[in-house]
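These notes are about the structure you will find just below.
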Amino acid sequence: MVARVVPVSPFDLVVFGGTGDLARRKLLPALYCRDLAGQIPDDARIIGVARSELDAAAYRERAREALKAFLPADELNHARVERFLARLDYRRVDATAATGWDGLAAALKGATWE
């Protein structure tokens, strides 16, 4: 836990390469720990973006598996893991082509805190 939590405004964080090794091993566990410490506001969203053919539920399941694999078991509080996973969304985007960008743009425009 941190000594002092500095409140921030709600935000959307887009994780490009959201299904990759860096996201699995480092980014998602670190973001969960920040959420656990109260450093991510309730309305914040984390949107994984990659070329993999997934929906949001499948992405959340991959994130759950990553948390189990790369965090100590005593840091995994079931209710807080579920709260963190509820923040996650996923969009399929191919960065080398034009596919998927409209869906990502629509998701970002749909922010509840705009």
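My numbering puts the first residue of the sequence shown at 6, with every later residue one more than the last. Cβ atoms here follow ideal geometry from the backbone N, Cα and C, with glycine treated the same way. Just so it is clear, the structure is predicted and the values come from calculations on it, not from any experiment.
Relative to the C-alpha of residue i, which candidate in the options has its C-alpha closest?
i      : options                         : result
Glu80  : Ala100, Asp107, Arg69 and Leu41 : Leu41
Pro12  : Glu66, Gly23, Ala49 and Phe21   : Ala49
Ala63  : Gly23, Pro15 and Leu18          : Gly23
Lys114 : Asp60, Leu76, Glu58 and Ile52   : Ile52
Leu76  : Ala100, Arg9, Ala91 and Arg39   : Arg39
According to DSSP, is residue i part of a helix, a strand, or is it coil?
i     : result
Arg96 : strand
Phe16 : coil
Ala55 : strand
Leu65 : According to the sequence shown, residue 65 is Arg rather than Leu. Here Arg65 sits in helix by DSSP.
Arg39 : helix
Arg85 : helix
Leu76 : coil
Can you say whether residue i is buried or exposed, counting buried as having 16 or more other CB atoms within 10 angstroms of its CB?
i      : result
Pro34  : buried
Thr104 : exposed
Gly108 : exposed
Leu36  : buried
Met94  : The question names Met, yet the displayed sequence has Asp at residue 94. Asp94 should be labelled buried.
What is the residue span of the alpha helix (DSSP H) that residue i lies within?
i      : result
Lys31  : Neither: Lys31 is in no alpha helix (DSSP H) and is coded neither H nor E.
Ala103 : Segment: none, Ala103 is in no alpha helix (DSSP H) and carries neither H nor E.
What does residue i pair with, by DSSP beta-bridge criteria?
i     : result
Phe21 : Val54
Does any residue of chain D bring its CB to less than 9 Å from the CB of residue i?
i     : result
Glu70 : The displayed structure is made up of one protein chain only, and chain D is not part of it.
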